[in-house]
Structures are given as structure tokens and as C-alpha cells.
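Student: First, the structure itself, so that you have it in front of you.
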Amino acid sequence: MLVTRTDSVAFDVVRSRIPEAEFDETGLLIFADRRAPTKEIPGLVVTSAGTSDQRVAREIEVTAHLMGCAVERLNDVGVAGLQRLLDARPVLESARVIVVVAGMDGALPSVVAGLVSAPVIAVPTSVGYGASFEGIAALLSMLNSCAPGVAVVNIDNGFGAGYMAAMLLRAVDVAKTS
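Here the sequence shown is numbered in my numbering, starting from 13 and rising by one per residue.
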């Protein structure tokens, strides 16, 4: 079970009916998993540009985890500090699917896609200052990426990105074992 964009009031109601439910304050999520533990599919990296992108990145992480994927996180590796992204290049190059979360100018997915051969799912966020237009600037930048292998979901759509990433990773895993 996964409830996105929620709060502690809703959590109290859910917890009264599902005692094992958990509330994640960062991602604003309520979730519970009653399935028996299984081996997680490796290869998913969730990358975020800055600290203001953490809510969406956490939503992606929890969604993909509930769908059976192991998730590795790279936080605060935006283009304003490109050296941090380059230091993380071995992690990026080992990934089979990468989700990149960024607001502001939305440049990070293009940069990541230029460094790797894995598919990149770009997630624009509504954070930023100046002329970010609540994520529209990042969305347009990501849609206009010239780097191959970039797919874009809507603004702040962490659930959609996590779901798509898990589906891609599962397809890659099936193809690998076939």
C-alpha cells in the first residue's frame, strides 16, 4: 500500500486500520508492505540536484522499493557543483536505470544522460527561485534535452517516475535472465 502527498492526520486514520503502516515525513508518504521479503532487483540510482528535491526523490525511492527494486541514492549532485556528480560517476555508470530529480534550470538530466548509457528518467520539481515558474522552466529544459535516452515525467511526479523506473528495471532483469 502506498499513499502519496499526504500528512500525519491521514496517517493516524490509516494506522488505526493498518497497524504496520509507516509515515515518511520527507516524502509525505504512508506505506505498508505485507508481502514476504524477496530479493530486490539491483541497478536503480535516484539522483537529486539539491536538498529541495528530497521530497520527490524519496517518493521515487519508496515507490520503486515497494515494487521490488533496490535503490541507491545520490543527493546534492546538481550542476552547480559538477565535481560532486563527476565524483559519483562510477555509481552512475553501474546503474541500469537512473532517475534524475532537479528543479531550477533542469540541466542535470541532460548532463547525466551524456555520461552514461542507461536510460534516464527526468523529474522536474516545482522548487526554485527567479524564473523557475513552479517547475515549468525545468520541465521545458528536460523536454528539450539533446542527450539521448532521456524520458520526462510531469512536475513533481515522483510516483510516476518511481513506477516507470521499476518497470524498466524489471524488464531489463527479465531480459537478462532469459
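C-beta: ideal position from N, C-alpha, C; glycine also.
1. Please report how far the alpha carbon of P102 lies from the alpha carbon of A33, in whole angstroms.
2. Inspect the beta-carbon positions of V162 and P121 and report whether they are closer than 7 Å.
3. Suppose you measure from the CA of L180 to the CA of F23; what does that come to, to the nearest Å?
4. At which residue ranges does the region 105-144 contain complete beta strand (DSSP E) runs of 3 or more residues, listed in the order of the chain?
5. Within a Cβ cutoff of 7 Å, which residues of the same chain sit near F171, ignoring the five residues on either side of it in sequence?
6. Based on the DSSP secondary-structure assignment, which residues constitute the bridge partners of E52?
7. In the DSSP output, what is S153 paired with across the bridge?
8. Ignore the nearest five residues each way along the sequence and tell me which others in A130's own chain have a CB closer than 7 Å to its CB.
Tutor: Well, looking at it:
1. Cα to Cα, the separation comes out at about 35 Å.
2. Using a Cβ distance threshold of 7 Å, V162 and P121 count as a contacting pair.
3. L180 and F23: Cα-Cα distance of roughly 30 Å.
4. Qualifying beta strand (DSSP E) stretches, in chain order: 109-114 and 132-136.
5. Excluding positions up to five away in sequence, the list reads T16, E71 and T75.
6. DSSP output for E52 lists no bridge partner at all.
7. Partner(s): none; S153 has no beta bridge.
8. Excluding residues within five positions, the ones whose Cβ falls inside 7 Å are A107, R108, V109 and I110.
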